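Since the structure comes first, as structure tokens, the remarks are kept for the end.
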Ligand code: GDP
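Residue numbers (our numbering): 23 to 559.
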């Protein structure tokens, strides 16, 4: 309608409108000065993230820099022998990284992906790489534990190459450094490479303006009130400033750095971490903060945000679903479809990803931003949320928490048992006409609590209906650790000794599955029916 009348429409969420108001100052080129890069370390568990961060924190890189780092305030800033500085986010792990991004905050400029060279590229390494890539953050690889006998960094280079991450010393574009986080070998060289990467990003900020930045974490301290650890992105934060983050605000009463020095005299400039007192509540990690003119203004925006949150529920942004794509194509603002693909086996994940990526057209690019084997996890849901992606599961299911989070955040999870169906759905979604002819509707989920084997009948499972209502005519799937191991039909459904037509929520039942006896305690049985949906124009 707007177009008919010659207007252009723009979609903005209420949150964004507020942010624009608070952020009206544009920086002039001549006011900008270089700022330190903000770096996150990510990688598989036990590959040395904590050791590397500890090493950097303890040595402070420049020995004897005034006051050692004694406080944990979520991030810290170190100076290299060259005189340049780097700020490290001290909350390692790609889940935390992406959780912040899901709240709209790009907390990091550069990611160090650490891989133990006595081990190999692990599932979580891949996950970390994909999370960094999805955020568009440059990566520097650290091959750790080179002091260990049998460490083979070249094997890691090879595995990365196989994933299309060719490192620089093999002619690729990714920098890498062999290190021992424990012995401190190669760490300075690693940091110099991080700075090289930073040079290319040309990171700049204007220290002479009202501050804005990011909440890293907040807590309530018995004696001091609300304590928030923050990282300034632009401007300089001073004691006495009126500060607003999410729906909380206050006047900065005191401010310290990671060396427990008061920042009252200097303030906290770009890329400088600080812990501050003065908020009237605990803003969430990943919230952005702004400094405002007056307390009145801060209070007004905070009140409006609280109201909006109440009226609109947690989210003001509509998440992407395959059904939604047609609408977005129609209004012309859809160019990219991000997908996360999880499957039961490497082969099927690769095959499905390859086929789906081939669906890219000139108008719409299809990106598989993460792929992996195993059940759909919370971390997949967080990544989908942050990247506006749809999750496709092939013969796998979400964990209970992942399912709940996905529902809350409006992330779409589509599960398939036939590769062709998944491809066909994505294809027709992109053509703007998704309307499956046969739709599966999950009717119930049951936990297998006991199994018995009876001569001719086979394995009987004693189950409890945890969700929904199962009918005798339903089809069933057996799920073990999130992976579908069998799909088929019921042979029988009984309550005590009697055959029944259905069993409702919270009741026990016994069942067996046609031609399938490998049922174990702890398996989940999902029942579903197939409903025919008429294609509509
Ligand atoms: P994280 O789980 O990634 O934070 O890994 P940690 O930093 O906790 O390291 C896991 C284990 O590997 C610890 O026992 C460390 O002492 C050990 N480790 C880490 N870096 C090195 C290294 O460079 N050399 C050796 N030999 N051991 C290391």
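Ideal placement from N, C-alpha and C gives every residue a C-beta, glycine not left out. Please read all numbers here as calculations on a predicted model, not as lab measurements.
From residue i to residue j, what does the alpha carbon distance come to, in whole angstroms?
i, j, result
"residue 542", "residue 436", "26 angstroms"
"residue 547", "residue 467", "6 angstroms"
"residue 313", "residue 109", "22 angstroms"
"residue 414", "residue 210", "42 angstroms"
"residue 430", "residue 401", "14 angstroms"
"residue 427", "residue 288", "42 angstroms"
"residue 160", "residue 149", "15 angstroms"
"residue 478", "residue 552", "30 angstroms"
"residue 528", "residue 119", "39 angstroms"
"residue 131", "residue 362", "23 angstroms"
"residue 367", "residue 301", "49 angstroms"
"residue 462", "residue 222", "50 angstroms"
"residue 360", "residue 440", "20 angstroms"
"residue 511", "residue 495", "8 angstroms"
"residue 344", "residue 143", "32 angstroms"
"residue 240", "residue 404", "21 angstroms"
"residue 128", "residue 190", "26 angstroms"
"residue 20", "residue 326", "In the structure displayed, the chain extends from 23 to 559; residue 20 sits before or after that span and is not available."
"residue 487", "residue 497", "15 angstroms"
"residue 201", "residue 235", "32 angstroms"
"residue 342", "residue 77", "42 angstroms"
"residue 307", "residue 242", "14 angstroms"
"residue 61", "residue 549", "46 angstroms"
"residue 181", "residue 173", "14 angstroms"
"residue 316", "residue 364", "49 angstroms"
"residue 507", "residue 140", "34 angstroms"
Checking the sheet assignment: what are the DSSP bridge partners for residue i?
i, result
"residue 93", "Partner(s): none; residue 93 has no beta bridge."
"residue 199", "164"
"residue 550", "464 and 497"
"residue 524", "493"
"residue 110", "61 and 98"
"residue 420", "398"
"residue 383", "Paired residue(s): none; residue 383 is not in a bridge."
"residue 7", "Here the chain comprises residues numbered 23 to 559, so residue 7 is not present and cannot be evaluated."
"residue 360", "389 and 411"
Is there at least one non-hydrogen atom of ligand 1 closer than 8 angstroms to the beta-carbon of residue i?
i, result
"residue 172", "no"
"residue 74", "yes"
"residue 203", "yes"
"residue 116", "no"
"residue 255", "no"
"residue 5", "Beyond the ends of the chain as shown, which are 23 and 559, falls residue 5; an answer cannot be given."
"residue 66", "yes"
"residue 166", "yes"
"residue 121", "no"
"residue 169", "yes"
"residue 411", "no"
"residue 441", "no"
"residue 136", "yes"
"residue 426", "no"
"residue 71", "yes"
Please confirm whether residue i and residue j have their CB atoms less than 9 angstroms apart.
i, j, result
"residue 379", "residue 371", "no"
"residue 195", "residue 162", "no"
"residue 515", "residue 525", "yes"
"residue 275", "residue 298", "yes"
"residue 98", "residue 295", "yes"
"residue 545", "residue 502", "yes"
"residue 465", "residue 491", "yes"
"residue 165", "residue 199", "yes"
"residue 138", "residue 177", "no"
"residue 480", "residue 434", "no"
"residue 183", "residue 154", "no"
"residue 250", "residue 175", "no"
Whose C-beta lies closer than 8 angstroms to the C-beta of residue i among residues of the same chain, with five residues either side of it excluded?
i, result
"residue 485", "468, 469, 470, 471, 530, 531, 532, 533 and 547"
"residue 217", "59, 102, 104, 106 and 108"
"residue 421", "397, 398, 399, 400 and 504"
"residue 204", "70, 73, 77, 167 and 169"
Quick one: what's got a C-beta closer than 6 angstroms to residue i's C-beta in the same chain, skipping five residues either side?
i, result
"residue 309", "237, 267 and 268"
"residue 227", "57, 256 and 292"
"residue 93", "280 and 282"
"residue 39", "Interpretation of residue 39 is limited by its pLDDT of 47, a score under 50 that renders its predicted location unreliable; the figure taken from the coordinates is listed afterwards. Nothing listed; no residue qualifies."
"residue 25", "none"
With a threshold of 7 angstroms on Cβ separation, who are the neighbours of residue i within its own chain once the five nearest residues in sequence on each side are excluded?
i, result
"residue 17", "Residue 17 is absent from the structure shown; the chain starts at 23 and stops at 559."
"residue 320", "264, 266, 271 and 314"
"residue 157", "123 and 128"
For residue i, is the beta carbon positioned less than 8 angstroms from some heavy atom of ligand 2?
i, result
"residue 94", "The model on display carries ligand 1 but not ligand 2."
At least one CB of chain C closer than 9 angstroms to the CB of residue i: is that the case?
i, result
"residue 539", "The question asks about chain C, but that chain is absent: this structure has only one protein chain."
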